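Trainee: As given, the protein sequences belong to chains A and B, one line each in that order.
Going by the working numbering, the first sequence opens with residue 1, and the numbers climb by one from there.
Going by the working numbering, the second sequence opens with residue 181, and the numbers climb by one from there.
Please see the structure below; I have some questions.
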Amino acid sequence: MRSHVALATALTAALLLAACSSQPPAPEQNPAGVSEGKSTTVAPVVAPVTTENADAAALAALKDPNSAVYKRSVFFDFDQYVIKDEFKPLVDAHAKFLVKYPKLKMLIQGNADERGSREYNLALGQKRAEAIRKALVLLGANEKQVEAVSLGKEKPRCTESTESCWAQNRRGDMLYSGEF
Amino acid sequence: MNLRPLLLAAAFAAVPLSGLAQLSIEITGAGANRIPVAIADFGGDPTAGNAVTSIVRADLERSGLFRLVDASGLPASDTALPPYADWKARGADALAVGSVNGAGTRFETRYRLYDIQKQTQLAGQAWAHAASQTRLAAHRVSDSIYLKLTGEPGIFSTRIAYVVKSTGRYELQIADADGANAQAALVSREPIISPTWSPDGSKLAYVSFEAKKPIVYVHDLTAGRRTVIANFKGSNSAPAWSPDGRRLALVLTKDGNSQIYTINADGSGLSRLTTSLDIDTEPAYSPDGRWVYFTSDRGGSPQIFRVSANGGSAERITFSGNYNVTPRPSPDGKSLAYISRTDGRFQLTVMDLASGQTQVLTDSTKDESPTFAPNNRMILYATEIGGRGVLAAVSADGRVKQKLSVQAADVREPSWGPFVK
Numbered sequence: 001m002r003s004h005v006a007l008a009t010a011l012t013a014a015l016l017l018a019a020c021s022s023q024p025p026a027p028e029q030n031p032a033g034v035s036e037g038k039s040t041t042v043a044p045v046v047a048p049v050t051t052e053n054a055d056a057a058a059l060a061a062l063k064d065p066n067s068a069v070y071k072r073s074v075f076f077d078f079d080q081y082v083i084k085d086e087f088k089p090l091v092d093a094h095a096k097f098l099v100k101y102p103k104l105k106m107l108i109q110g111n112a113d114e115r116g117s118r119e120y121n122l123a124l125g126q127k128r129a130e131a132i133r134k135a136l137v138l139l140g141a142n143e144k145q146v147e148a149v150s151l152g153k154e155k156p157r158c159t160e161s162t163e164s165c166w167a168q169n170r171r172g173d174m175l176y177s178g179e180f
Numbered sequence: 181m182n183l184r185p186l187l188l189a190a191a192f193a194a195v196p197l198s199g200l201a202q203l204s205i206e207i208t209g210a211g212a213n214r215i216p217v218a219i220a221d222f223g224g225d226p227t228a229g230n231a232v233t234s235i236v237r238a239d240l241e242r243s244g245l246f247r248l249v250d251a252s253g254l255p256a257s258d259t260a261l262p263p264y265a266d267w268k269a270r271g272a273d274a275l276a277v278g279s280v281n282g283a284g285t286r287f288e289t290r291y292r293l294y295d296i297q298k299q300t301q302l303a304g305q306a307w308a309h310a311a312s313q314t315r316l317a318a319h320r321v322s323d324s325i326y327l328k329l330t331g332e333p334g335i336f337s338t339r340i341a342y343v344v345k346s347t348g349r350y351e352l353q354i355a356d357a358d359g360a361n362a363q364a365a366l367v368s369r370e371p372i373i374s375p376t377w378s379p380d381g382s383k384l385a386y387v388s389f390e391a392k393k394p395i396v397y398v399h400d401l402t403a404g405r406r407t408v409i410a411n412f413k414g415s416n417s418a419p420a421w422s423p424d425g426r427r428l429a430l431v432l433t434k435d436g437n438s439q440i441y442t443i444n445a446d447g448s449g450l451s452r453l454t455t456s457l458d459i460d461t462e463p464a465y466s467p468d469g470r471w472v473y474f475t476s477d478r479g480g481s482p483q484i485f486r487v488s489a490n491g492g493s494a495e496r497i498t499f500s501g502n503y504n505v506t507p508r509p510s511p512d513g514k515s516l517a518y519i520s521r522t523d524g525r526f527q528l529t530v531m532d533l534a535s536g537q538t539q540v541l542t543d544s545t546k547d548e549s550p551t552f553a554p555n556n557r558m559i560l561y562a563t564e565i566g567g568r569g570v571l572a573a574v575s576a577d578g579r580v581k582q583k584l585s586v587q588a589a590d591v592r593e594p595s596w597g598p599f600v601k
């Protein structure tokens, strides 16, 4: 579980960044031949001081355990890629949130359980992330706000070889700028 | 948007690793008819000579195709003819003698190979090399012996790449085929998967998650520099070199589901190869460059297909079972290694492409990521033993078996490099 204090700090920076940046969450293809010679450390950006109450409200909602957008994970059944009814209200809440704060960006990370090929599992995780992305867009989020990617079986939340553990890893996480 | 500095202490100046991080190889099975061969102690410089002797012996023994005959006590000069009758009495079919001479940093390794039955010389070769390349010179000797006695080129002087995962740390390592000389090409806090050698052995393509999503890099090992070749919206993964090294097939999700595209090695000239509503992934070119083998779930379960490298309709290759993934054609194009699932066990399987006959090569349960040796003889793959990730190698006939492991870490994602010129 990540620390909420660290999260809040990161979020503050991210929201400020989001407010002054027109970058999509992931750039489209880099120009060919661009060398990333060294470690790709992102230079800290000095954000202008703003007094956006909206951002403060967004921040507060994201870290408020009683808020509808506090939870980020959508769990899937084995070999399934449709959002189950029990997670529809959560996805709906995040879609509304994205509509309300159009400067926010979201990275949806899909995951898969440990069984089988790494690359095929990456594709399965992508299917889950994509299902969430499509639902968010259908519910009004802007295409440019959301990016669906996969971590496959590379970053398991649970590492035991049991069905209950695998179920935790068949998951999509909705992360806002600064949370990933 | 990533605000956290990445560890990624990109070890571009290759860093030699400590003994603990070295791969160790254990032989767990051998061929049925092993050729009895004697490797006499190499003369000349005692230290270098001893090193070459033991490396050559270990190479040949590990291959599972040779039985070492005791070489002690008989004259072993690389300038005079051997006492054939004495070697024959010891049961040797072949004898290698040699020497390593030199001073300072310049050395020369010489060797001769004799057929004891026919009483003829099979080979005589010499290599000039730096002191630091003594190990490579020894592998060259092994390669020559292997070629003369089996008719196939040896792979002892080739290299392998793989990923070592310890707590919170991923290292893309490169080692000699015997696991020695391991060096880290990249160190990251985030996963690294799917490394694959360029056909000329100068570069590795791989997928790194250091930006919190999969991005494909090409890493020039000699220049110690890397280039992002695919960072499109969504996931970028599964790079596979075309045989001429100019293009790569890879998987992108920028248009929705995972689909196969091709791209120039510098990241330009993107072109879509497959068009399905399902998952298409794990591309691999046939060695003649005509086909791209891949995994697709278009039939409901993951199966192996192939499509012309120019595109068009796909042809299904695997039909039995409901999980066949990670197709990797042999360098001679005759067979296909892949992973099949039977009763929940993921096992390395090989198919003869002409007849369609298949053979499961292992009795393990979590095999992944097969990669052929450039001489077609062995297949290296990742598996799990006692909860730990290890590499294992098996001969294409299933007889010879080896295990490669690293202490206190998981090893995975192997890729066997090409022949070194």
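We put the CB at the ideal spot given by N, CA and C, even for glycine.
These numbers were taken from a predicted model, which means no experiment stands behind them.
1. Looking at chain A, which residues of the region 513-543 of chain B have a Cβ within less than 9 Å of any of its Cβ atoms?
2. Can you name the start and end residues of the beta strand (DSSP E) that B/Arg-568 belongs to?
3. Helix, strand or coil: which one does DSSP assign to B/Ile-459?
4. Return the residue from the list A/Ala-58, A/Val-74 and A/Thr-162 that minimises the CA-CA distance to A/Leu-104.
5. Do B/Asp-622 and B/Asp-380 have their C-beta atoms within less than 8 Å of each other?
6. Can you round the beta-carbon distance between B/Gly-414 and B/Lys-383 to whole angstroms, since I take them to be within the 8 Å contact cut?
7. Would you give the residue range spanned by the beta strand (DSSP E) that B/Thr-376 belongs to?
8. Just the Cα atoms here: how many angstroms apart are A/Ile-83 and A/Met-106?
9. Along the region 89-121 of chain A, where does the CB come closer than 8 Å to a CB of chain B? Name the residues.
10. Between the region 144-177 of chain A and chain B, which residues of the former have a C-beta closer than 9 Å to a C-beta of the latter?
11. Flag A/Glu-130 as yes if its beta-carbon sits less than 8 Å from any beta-carbon of chain B, otherwise no.
12. Check whether the Cβ atoms of B/Gln-483 and B/Thr-461 sit closer than 8 Å, and answer yes or no.
13. Fully enclosed by the region 250-299 of chain B, which beta strand (DSSP E) runs are 3 residues long or longer?
14. Return the residues of the region 455-467 of chain B that lie within a Cβ-Cβ distance of less than 7 Å from chain A, sorted by chain order.
15. Which parts of the region 44-114 of chain A are runs of the beta strand (DSSP E), unbroken and 3 residues or longer, counting only runs that do not cross its ends?
16. With 7 Å as the C-beta to C-beta threshold (strictly closer), list the residues of the region 352-384 of chain B near chain A in chain order.
17. At what residue ranges does the region 407-435 of chain B contain a whole run of the beta strand (DSSP E), taking only runs of 3 or more?
18. Flag A/Ala-60 as yes if its beta-carbon sits less than 8 Å from any beta-carbon of chain B, otherwise no.
19. Would you mind telling me which residues of chain B sit closer than 7 Å to A/Lys-63, beta carbon to beta carbon, in chain order?
20. Whole angstroms are fine: how far does the CA of A/Ala-61 sit from the CA of A/Arg-171?
21. A/Phe-76 versus chain B: which residues are under 7 Å apart at the beta carbon?
22. Return no unless some Cβ of chain A is closer than 8 Å to the Cβ of B/Gly-480.
23. At the level of alpha carbons, what is the spacing between B/Tyr-294 and B/Lys-328?
24. Among B/Pro-463, B/Ser-481 and B/Gly-491, which residue has its Cα nearest to the Cα of B/Thr-455?
25. Only counting the same chain, and skipping five residues up and downstream in sequence, which positions put a Cβ closer than 6 Å to that of A/Phe-180?
26. Which residue or residues does DSSP assign as beta-bridge partners of B/Gln-301?
27. Do the region 243-253 of chain B and the region 205-219 of chain B make contact, defined as three or more Cβ pairs closer than 8 Å?
28. Quick check: what's the CA-CA separation for B/Glu-495 versus B/Pro-509?
29. Let me know if A/Asn-66 comes out buried or exposed under the rule of 16 or more other beta-carbons within 10 Å of its beta-carbon.
30. Would you tell me roughly how many angstroms separate the C-alpha atoms of B/Glu-593 and B/Asp-532, rounded to the nearest one?
31. Along chain A, which residues have their Cβ under 9 Å away from the Cβ of B/Phe-499?
32. What residue range is occupied by the uninterrupted alpha helix (DSSP H) comprising B/Leu-327?
Mentor: Here's the rundown:
1. Ile-519, Arg-521, Gly-524 and Phe-526
2. As a working note, residue 568 of chain B is residue 388 in the second sequence. First-last of the beta strand (DSSP E) with B/Arg-568: 568-575.
3. In the second sequence, residue 459 of chain B corresponds to position 279, counting from 1. Looking at B/Ile-459 - three-state DSSP - the assignment turns out to be coil, as it is neither helix nor strand.
4. As a working mapping, residue 104 of chain A is identified with position 104 in the first sequence. Minimum Cα distance to A/Leu-104 is reached at A/Ala-58.
5. Coverage of chain B is limited to positions 181 through 601, which leaves residue 622 of chain B absent and any answer about it impossible.
6. Residue mapping note: residue 414 of chain B aligns to position 234 of the second sequence, counting from 1. Residue mapping note: residue 383 of chain B aligns to position 203 of the second sequence, counting from 1. Wrong, their Cβ atoms sit about 24 Å apart, outside the cutoff.
7. As a working mapping, residue 376 of chain B is identified with position 196 in the second sequence. B/Thr-376 -> beta strand (DSSP E) spans 372-377.
8. Counted from its first residue, the first sequence places residue 83 of chain A at position 83. Counted from its first residue, the first sequence places residue 106 of chain A at position 106. About 18 Å.
9. Lys-105, Leu-107, Gln-109, Arg-115, Gly-116, Ser-117, Arg-118, Glu-119 and Tyr-120
10. Glu-147, Ala-148, Val-149, Ser-150, Leu-151, Gly-152, Glu-154, Lys-155, Ser-161, Leu-175 and Ser-177
11. Position 130 of the first sequence, counted from the first residue, corresponds to residue 130 of chain A. Yes, A/Glu-130 lies at the interface with chain B (some Cβ there is under 8 Å from its Cβ).
12. Numbered from 1 along the second sequence, position 303 holds the residue referred to as residue 483 of chain B. Numbered from 1 along the second sequence, position 281 holds the residue referred to as residue 461 of chain B. No. Outside cutoff.
13. 274-283 and 286-295
14. Ile-459, Thr-461 and Glu-462
15. 73-75 and 106-111
16. Pro-371, Ile-373 and Ser-374
17. 416-421 and 427-432
18. One-based indexing of the first sequence puts residue 60 of chain A at position 60. Not one chain B Cβ lies under 8 Å of A/Ala-60.
19. Working through the first sequence from its first residue, we reach residue 63 of chain A at position 63. Result: empty, since nearest Cβ-Cβ is about 17 Å, beyond 7 Å.
20. Here residue 171 of chain A corresponds to residue number 171 of the first sequence, with the count starting at 1. Here residue 61 of chain A corresponds to residue number 61 of the first sequence, with the count starting at 1. Cα-Cα distance, rounded: 22 Å.
21. Residue 76 of chain A sits at position 76 when you count from the first residue of the first sequence. By Cβ distance, chain B contributes nothing, its closest Cβ being about 15 Å from A/Phe-76, past 7 Å.
22. Mapped onto the second sequence, residue 480 of chain B falls at position 300. By this cut-off, B/Gly-480 is not an interface position.
23. Counting from 1 along the second sequence, the entry for residue 294 of chain B is found at position 114. Counting from 1 along the second sequence, the entry for residue 328 of chain B is found at position 148. Approximately 10 Å between the Cα atoms of the pair.
24. Within the second sequence, the letter at position 275 stands for residue 455 of chain B. Comparing Cα-Cα distances from B/Thr-455 to each of B/Pro-463, B/Ser-481 and B/Gly-491, the minimum goes to B/Gly-491.
25. Counting from 1 along the first sequence, the entry for residue 180 of chain A is found at position 180. Leu-107, listed in sequence order.
26. Sequence index remark: in the second sequence, residue 301 of chain B carries index 121 (1-based). In the DSSP output, where bridge partners are listed per residue, B/Gln-301 has B/Tyr-294.
27. yes
28. Numbered from 1 along the second sequence, position 315 holds the residue referred to as residue 495 of chain B. Numbered from 1 along the second sequence, position 329 holds the residue referred to as residue 509 of chain B. Roughly 15 Å between the two C-alpha positions.
29. Counting from one through the first sequence, the residue named residue 66 of chain A turns up at place 66. Flag for A/Asn-66 reads exposed.
30. Counted from its first residue, the second sequence places residue 593 of chain B at position 413. Counted from its first residue, the second sequence places residue 532 of chain B at position 352. So the alpha carbons of these two residues sit roughly 24 Å apart.
31. Taking the second sequence and counting its residues from 1, the one referred to as residue 499 of chain B is at position 319. Per Cβ cutoff of 9 Å: no residues; B/Phe-499 is ~18 Å from chain A at best.
32. Position 147 of the second sequence, counted from the start, is the residue given in the question as residue 327 of chain B. First-last of the alpha helix (DSSP H) with B/Leu-327: 314-330.
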